[in-house]
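Q: In this note's numbering, the protein residues as written are 25 to 417. C-beta atoms are modelled at their ideal positions from N, C-alpha and C, and glycine is treated no differently. Keep in mind that this is a model prediction, so the values were computed, not measured. Handing you a structure now.
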Amino acid sequence: MVIDLRPDTSKSDQYQLWVKQEDLDRDHPIYTRNISVTGITEGSGGTAGQRQQKFRIYFKPQPTADGLPDSRTDPNALKTLQDLMQVSLCSSTGKWLSALPITSSVQDLDPKGNSYEFKRGNRLVLVVYGGSSSPIWQDYRQSLGILEDVTFISVQPSALPESVLGYDAIDSILWLNADPGELKSGTDEKFRALESFVKRGGSITICTPADWQKMLAFGALLPVNLEGIDTTNDPEPLRALGRTRYKQDGTVQPKDDGWDSLPGPFTMARATVKPGAVTEHWIEWKKNDQSPWLVRKPFGAGLVTWIAQDLGDPAVTKARQNWPYIWDRVLDLPNLTRVLSNQTSDDQKAEFGNSQAVDVGYSLLSGMELQSKSAWLITLAVVFFIGYWLFAG
25 MVIDLRPDTS
35 KSDQYQLWVK
45 QEDLDRDHPI
55 YTRNISVTGI
65 TEGSGGTAGQ
75 RQQKFRIYFK
85 PQPTADGLPD
95 SRTDPNALKT
105 LQDLMQVSLC
115 SSTGKWLSAL
125 PITSSVQDLD
135 PKGNSYEFKR
145 GNRLVLVVYG
155 GSSSPIWQDY
165 RQSLGILEDV
175 TFISVQPSAL
185 PESVLGYDAI
195 DSILWLNADP
205 GELKSGTDEK
215 FRALESFVKR
225 GGSITICTPA
235 DWQKMLAFGA
245 LLPVNLEGID
255 TTNDPEPLRA
265 LGRTRYKQDG
275 TVQPKDDGWD
285 SLPGPFTMAR
295 ATVKPGAVTE
305 HWIEWKKNDQ
315 SPWLVRKPFG
325 AGLVTWIAQD
335 LGDPAVTKAR
345 QNWPYIWDRV
355 LDLPNLTRVL
365 SNQTSDDQKA
375 EFGNSQAVDV
385 GYSLLSGMEL
395 QSKSAWLITL
405 AVVFFIGYWL
415 FAG
């Protein structure tokens, strides 16, 4: 939660932020953070922009009442959220000073279903970028054969959290050309939070831009030893990964996606693989000269993937079709993706069509038919009853 404070005095002081929400036991746990608010200095003019100070507080909302209200389905979501969660500003000793109103509601990425309705989940990929680097991923919205919907959200390093709790909703991180050294400026809380996310089972994909030296700030996270960059006019292996899948067996249909018309040159990094890492794709510079393009290595309970080029570079995103095939391989997604186009036939779509419901219970009825056996047992019971009545007088 981001809290925006705007002091109206010149006094600087220590305060506490409180967030209170009822839990499943009807208790009201309080999440706190100590903050330092700087007062207005002389000559600042006291404008709103100069007074603005933002703070983040990290906590896990309690799973009560089916979670927090979703603004997409609840028109009163903001009012409901304000009733469920109270945010307060307190003194450094815990004395309540003022309530802080919640001004924006939340949206749920995963649609809520029930026992009679299945809704596919959503895989959230956090893209960290700088400059003009931007991934192409929108073809996922018109694709068949995927287990989860895929959503990319782009941020800059300054927006990354200082606590690993801030990554709780993230499935994987895609680091394009941003400078990881920004996470270590001042304090290294943001970098340690990123490391903790991976160590606890998260996944990060690190791309390599032309100014490759700045990526050395990742340190032990890198599964390779970077040696420099080189250029080539051959878009492989991206071209092979981005070819249209013609059938479910992976047969490719070439020359329909723009990769052959890319002019180049393409900047790629040269590197050697660290012990314990696995190379899945290579760059063929020339005969008997190759270097890794895609490398994976475990890091704690998570996974680090390294790519030898920036997958958001405008030099490669000029080919704008069929990127889901590339992301499936790069992000290690277990999909059998088919991007729909005007050339996709009905037979190809039928491979992923919904199957019809089949009643399998009818075939079991014959083995459960007990009318004849029940009649025989009832007759036997009547005979025994009559016999007992005769002998007993």
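Do Trp161 and Trp351 have their C-beta atoms closer together than 8 Å?
A: Yes, they are a contact pair.
Q: Is Val340 helix, strand or coil by DSSP?
A: If DSSP states are grouped into helix, strand and coil, Val340 belongs with the helices.
Q: What is the residue span of the alpha helix (DSSP H) that Pro348 lies within?
A: Taken as a continuous stretch (DSSP letters only), the alpha helix (DSSP H) holding Pro348 covers 347-354.
Q: So is Trp120 buried or exposed if we call it buried at 16+ other beta carbons inside 10 Å?
A: Label assigned to Trp120: exposed.
Q: Just curious, the beta strand (DSSP E) that Ser196 is in, first and last residue?
A: 196-199 is the extent of the beta strand (DSSP E) around Ser196.
Q: Nearest to Pro289 by alpha carbon, out of Met25, Asp337, Phe215, Glu304?
A: Per the Cα distances, Asp337.
Q: Going straight from the alpha carbon of Arg50 to that of Thr296, what length do you get?
A: Each residue's Cα considered, the two are about 56 Å apart.
Q: Can you tell me which of the three DSSP states Pro322 falls into?
A: DSSP places Pro322 in strand when its eight states are reduced to three.
Q: Flag this pair as yes or no: are the beta carbons of Pro185 and Tyr82 separated by less than 8 Å?
A: In contact: Pro185 and Tyr82 (Cβ atoms closer than 8 Å).
Q: State the CB to CB distance for the pair Tyr39 and Ser115, rounded to an integer number of angstroms; the pair is presumed to be in contact (CB under 8 Å).
A: About 6 Å; that satisfies the 8 Å criterion.
Q: Between the beta-carbon of Pro247 and the beta-carbon of Val328, is there less than 8 Å?
A: The answer is yes: Cβ separation under 8 Å.
Q: Evaluate Gly73 with the Cβ neighbour count: other Cβ atoms within 10 Å of its Cβ, from every protein chain shown; 16 or more gives buried, anything less gives exposed.
A: With a pLDDT of 47 at Gly73, under the threshold of 50, the modelled position of that residue is not reliable, and the figure given next carries that caveat. Exposed, by the Cβ-count rule.
Q: Would you report the Cα separation of Lys208 and Phe215, rounded to the nearest angstrom?
A: Cα to Cα, the separation comes out at about 6 Å.
Q: Would you tell me roughly how many angstroms separate the C-alpha atoms of Lys78 and Ser182, rounded to the nearest one?
A: Distance between the alpha carbons of Lys78 and Ser182 is about 13 Å.
Q: Tell me which residues share the same chain as Arg224 and place their Cβ nearer than 8 Å to its Cβ, disregarding the 5 neighbours each side in the sequence.
A: Hits under 8 Å: Val188, Gly324, Ala325, Gly326.
Q: Relative to the C-alpha of Glu251, which residue among Gln237, Asn201, Val152 is closest?
A: Per the Cα distances, Gln237.
Q: Please look up how many angstroms separate the CB atoms of Val149 and Ser196, rounded, as I've assumed it's under 8 Å.
A: Their Cβ separation, rounded to whole angstroms, is 5 Å, which keeps Val149 and Ser196 in contact under 8 Å.
Q: Starting from Ala295 and walking both ways along the beta strand (DSSP E), at which residues does that stretch end?
A: First-last of the beta strand (DSSP E) with Ala295: 290-297.
Q: Please state whether DSSP places Leu250 in a helix, a strand or coil.
A: Note: Leu250 maps to strand in three-state DSSP.
Q: Roughly how many whole angstroms lie between the Cα atoms of Thr291 and Ile253?
A: Their Cα atoms are separated by approximately 7 Å.
Q: Measuring only the C-alpha atoms, how far is Ile307 from Arg263?
A: Taking the straight line joining both Cα atoms gives about 12 Å.
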